[in-house]
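In the numbering used here, the protein residues as written are 404 to 493.
Read the structure below first, then the notes.
This is the structure:
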């Protein structure tokens, strides 16, 4: 993760206020490393998907994801929700 090309993007989705998930933070190199560290320290899921993150990096912060990314992001959200359910059942 020391590579300056390491990238991280943070999505947020609030059903009450958002039409679609929004990009709330992004960064490369040390900024990306710090984003990942913060996510882990707050027990937020971290998913590695280089292709998706490269597309998300093209968005502006606070921009909703485009329709073309709905399916990919929905699959990740479903995966995370499934993990959370399994963890809660323990």
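The C-beta atom is built at its ideal place from N, Cα and C for all residues, glycine as well.
Cβ neighbours of residue i in the same chain (closer than 7 Å, five flanking residues each side left out)
| i | result |
| --- | --- |
| residue 475 | 455 |
Proximity to residue i [Cα-Cα], best of the options
| i | options | result |
| --- | --- | --- |
| residue 350 | 408, 440, 418 and 430 | Because the chain spans 404 through 493 in this model, residue 350 falls outside it and cannot be assessed. |
| residue 448 | 426, 461, 486 and 477 | 486 |
| residue 468 | 418, 413, 423 and 417 | 423 |
| residue 480 | 414, 433 and 437 | 414 |
| residue 412 | 420, 421 and 426 | 426 |
Where residue i sits in the DSSP three-state scheme
| i | result |
| --- | --- |
| residue 404 | Interpretation of residue 404 is limited by its pLDDT of 49, a score under 50 that renders its predicted location unreliable; the figure taken from the coordinates is listed afterwards. The answer is coil: DSSP assigns residue 404 none of H, G, I, E or B. |
| residue 410 | strand |
| residue 492 | coil |
| residue 441 | helix |
| residue 428 | strand |
DSSP bridge partner residues for residue i (one or two, in chain order)
| i | result |
| --- | --- |
| residue 457 | BP columns for residue 457 are empty, so no partner. |
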